[in-house]
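Numbering (my numbering), first residue to last: 9 to 315.
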């Protein structure tokens with residue numbers, strides 16, 4: 009990381025922090041690991057942490073559902089981490105792609121700032137080709153550093169800090185697709201994030217860094233409902249992009265008409281199962297939102313008992 013770059017400071021104990029990103033955020037565990045660490049360190053805190061990641065998501069897609077997926081949590085602080093999916097849709101020279109991605113990231117940043125929300129960034133790891141174009145991720149990191157400096161805000165630099173784990177412990181920290189974090193990888197990501205904020209975590213102790221983390225009972229309850237919400241948004245991004253902004257009823261009708269056809273091919277299989285997820289989960293979306301809030305209340309109550 010650029011040695012002039014600011015880190016993300018420790019969150020205020022009454023903050024409402026929303027992590028915004030693609031599937032690397034939506035995987036829904038490392039964000040909760042961070043939350044539970046805070047509750048352990050600050051048991052009397054009123055901090056609330058939310059996951060607004062969307063599998064297959066991009067900045068453009070997330071902005072299409074800015075209110076429904078992000079602002080419903082009424083965040084005071086956000087951590088933005090995009091890049092891998094966005095760059096798949098951006099073409100041209102190095103400079104042209106950098107300019108386009110910068111415009112998108114600036115757009116999202118400004119929307120938060122206009123609402124009085126504090127913005128931080130995280131970079132995504134540096135992938136090896138052919139999984140993702142490594143040049144693309146370099147562009148993402150450089151643009152992120154540039155805007156962080158311009159907006160005078162903090163960055164968690166996974167592009168630099170997580171790359172050695174990918175290179176030396178790939179089978180432990182990555183899923184077989186080499187794109188997403190394994191459960192061990194999510195524990196590493198959480199520890200790297202916390203260490204970057206100044207918490208006493210020895211990132212050089214590989215044995216400790218590679219240990220899995222287990223959620224508490226109520227943390228697991230929050231995570232269960234988080235994942236239901238993330239599955240709804242994954243379905244939106246994967247199979248309902250063509251009808252962004254349409255009423256839910258129209259989307260349900262579209263899926264009911266298409267599910268019986270089930271085209272051949274692995275990607276279509278994934279789309280099929282995401283369609284099933286959507287029609288089963290979407291009618292209960294408000295219930296899952298309420299249960300996330302209720303689980304956080306219980307997590308705070310349990311933590312306060314230890315204060």
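Note that CB positions come from ideal geometry on N, CA and C, so glycine has one too.
Does DSSP classify residue i as helix, strand or coil?
{"i": "residue 277", "result": "helix"}
{"i": "residue 153", "result": "helix"}
{"i": "residue 177", "result": "coil"}
{"i": "residue 165", "result": "strand"}
{"i": "residue 312", "result": "helix"}
{"i": "residue 15", "result": "coil"}
{"i": "residue 145", "result": "helix"}
Hey, could you find the ends of the alpha helix (DSSP H) residue i is sitting in?
{"i": "residue 117", "result": "102 to 122"}
{"i": "residue 196", "result": "191 to 204"}
For residue i, count neighbouring C-beta atoms within 10 Å of its own C-beta (all shown protein chains included) and say buried if the count is 16 or more, exposed if not.
{"i": "residue 121", "result": "exposed"}
{"i": "residue 63", "result": "buried"}
{"i": "residue 83", "result": "buried"}
{"i": "residue 255", "result": "exposed"}
{"i": "residue 85", "result": "buried"}
{"i": "residue 213", "result": "exposed"}
{"i": "residue 298", "result": "exposed"}
{"i": "residue 59", "result": "buried"}
{"i": "residue 265", "result": "exposed"}
{"i": "residue 272", "result": "The predicted model places residue 272 with a pLDDT of 49, which falls under 50 and marks its position as unreliable; any figure quoted below should be read in that light. Flag for residue 272 reads exposed."}
Check each candidate in the options and name the one with the smallest Cα separation from residue i.
{"i": "residue 236", "options": "282, 179, 304, 185", "result": "282"}
{"i": "residue 68", "options": "227, 209, 201, 29", "result": "29"}
{"i": "residue 290", "options": "239, 267, 268", "result": "239"}
{"i": "residue 88", "options": "74, 129, 57, 65", "result": "129"}
{"i": "residue 18", "options": "143, 145, 161", "result": "161"}
{"i": "residue 37", "options": "192, 177, 276, 266", "result": "192"}
{"i": "residue 198", "options": "186, 217, 96", "result": "217"}
{"i": "residue 93", "options": "165, 243, 201, 144", "result": "144"}
{"i": "residue 91", "options": "307, 186, 151, 51", "result": "151"}
{"i": "residue 223", "options": "26, 54, 268, 44", "result": "44"}
{"i": "residue 207", "options": "27, 50, 35, 26", "result": "50"}
{"i": "residue 230", "options": "168, 257, 301", "result": "301"}
{"i": "residue 285", "options": "295, 98, 260", "result": "260"}
{"i": "residue 171", "options": "133, 146, 164, 153", "result": "133"}
Note the first and the last residue of the continuous beta strand (DSSP E) segment covering residue i.
{"i": "residue 211", "result": "Counting along the chain, residue 211 falls outside any beta strand (DSSP E), and DSSP gives it neither H nor E."}
{"i": "residue 128", "result": "126 to 131"}
Using a C-beta cutoff of 8 Å, does residue i count as contacting chain B?
{"i": "residue 200", "result": "The structure shown contains no chain B; it holds only a single protein chain."}
(request) Taking only runs that begin and end inside the region 18 to 95, name each unbroken beta strand (DSSP E) of 3 or more residues, in chain order. (result) Runs of beta strand (DSSP E) with 3 or more residues, each lying fully within the region 18 to 95, are found at 24 to 29, 56 to 59, 85 to 89, listed in chain order.
(message) My parser needs the beta strand (DSSP E) runs of 3 or more residues fully inside the region 278 to 309; what are they?
(response) none
(message) To test your reading of the DSSP string, which unbroken beta strand (DSSP E) runs of 3 or more residues are found completely within the region 221 to 273?
(response) none
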